[in-house]
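Novice: Start counting the sequence shown at 240; every next residue gets the next number (our numbering).
Ideal placement from N, C-alpha and C gives every residue a C-beta, glycine not left out.
Take this structure, written in structure tokens, and hold onto it; I'll ask about it next.
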Amino acid sequence: MIVGTKKNVTILDYGLGNLLSVSRAIENCGAQPHITDKQDEIISSDYLILPGVGNFSIAAEELRKRGLEEMILKFLEKERPLLGICLGMQLLFDSSEEQGLHKGLGIISGSVKPIPNQNREGVSHKIPHIGWAPLTINRQESIHSNFLAGADLSEKYFYFIHSFQGHANNYAECVATTKYNEVEITAVAQKNYVIGAQFHPEKSGKNGIRFLKTFLSQ
Numbered sequence: 240m241i242v243g244t245k246k247n248v249t250i251l252d253y254g255l256g257n258l259l260s261v262s263r264a265i266e267n268c269g270a271q272p273h274i275t276d277k278q279d280e281i282i283s284s285d286y287l288i289l290p291g292v293g294n295f296s297i298a299a300e301e302l303r304k305r306g307l308e309e310m311i312l313k314f315l316e317k318e319r320p321l322l323g324i325c326l327g328m329q330l331l332f333d334s335s336e337e338q339g340l341h342k343g344l345g346i347i348s349g350s351v352k353p354i355p356n357q358n359r360e361g362v363s364h365k366i367p368h369i370g371w372a373p374l375t376i377n378r379q380e381s382i383h384s385n386f387l388a389g390a391d392l393s394e395k396y397f398y399f400i401h402s403f404q405g406h407a408n409n410y411a412e413c414v415a416t417t418k419y420n421e422v423e424i425t426a427v428a429q430k431n432y433v434i435g436a437q438f439h440p441e442k443s444g445k446n447g448i449r450f451l452k453t454f455l456s457q
């Protein structure tokens, strides 16, 4: 699929997230973004983006209250690509330990846990993790569906701001990592057509646009 064909990209509006900045980034990729919470538009879209900034439990509750959890799952039945960004990525997992134990969408098997405030050597660091960090692409032979495998994004820098991170039960679904004070962090998770990015591609300049174009090339 060529990005220039103006495929329909739905940015899910559930009350949380950098909707306008994500929309502008999608426009910069040559695609057509739509910000909506309308169920028919979600189901008919070619791509779905789940943004998010804030608290996991509040976000999960908003999705369920608005009937959007069911719409996300129906969208995935069509085997179309979905991208979760930052909190949106974390919502893809089974659960989160942020301010208690809360249920996620259960699309990627695993849980969201706080970033340790020190590394294995006992050296402390500030939480949240804020700033630019490079990606390391997981190139294990067991990973056949890594959508980043052909992209020249390894060791490129992306913008992170988070206190929690997703841990996939199947490490093969962790397709890229980064490090914060030598603590390994899942930067990108993937299960079939579902992608989660812990960083903000819409705030990551040219590298972020390249990442989004790679997502939109699926």
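Could you check what DSSP says for Pro353 in three-state terms: helix, strand or coil?
Specialist: Of the three classes helix, strand and coil, the one that applies to Pro353 here is strand, per DSSP.
Novice: What residue ranges within the stretch 369-442 form continuous beta strand (DSSP E) runs of no fewer than 3 residues, ordered along the chain?
Specialist: As far as the stretch 369-442 is concerned, its whole beta strand (DSSP E) runs of at least 3 residues are 396-401, 403-407, 413-419, 422-430, 433-436.
Novice: Starting from the C-beta of Glu308, find all residues in its chain whose C-beta is less than 7 Å away, skip the five residues before and the five after it, and write them out in chain order.
Specialist: Leu302, Leu344, listed in sequence order.
Novice: Spell out a yes or no on whether the stretch 313-333 and the stretch 286-298 are touching, meaning 3 or more CB-CB pairs, one atom from each, closer than 8 Å.
Specialist: Yes, the stretch 313-333 touches the stretch 286-298.
Novice: By Cβ distance, which residues of its chain are closer than 6 Å to Gln357, with the 5 residues on each side in sequence left out?
Specialist: These residues qualify, in order along the chain: Ser363.
Novice: Measure how close the beta-carbons of Ala426 and Phe438 come, nearest whole angstrom, since I'm counting them as under 8 Å.
Specialist: Rounded, the Cβ-Cβ distance is 6 Å, consistent with contact.
Novice: Can you tell me whether DSSP reads Asn247 as helix, strand or coil?
Specialist: Three-state DSSP puts Asn247 in a strand.
Novice: Determine the contact status of Ala436 and Met328, defining contact as a CB-CB distance below 8 Å.
Specialist: In contact: Ala436 and Met328 (Cβ atoms closer than 8 Å).
Novice: Got a sec? Which residues, its chain only, sit under 6 Å from Ser381 by beta carbon, not counting five neighbours each side?
Specialist: A caution first: Ser381 carries a pLDDT of 47, below 50, which makes its placement in the model too unreliable to give a value.
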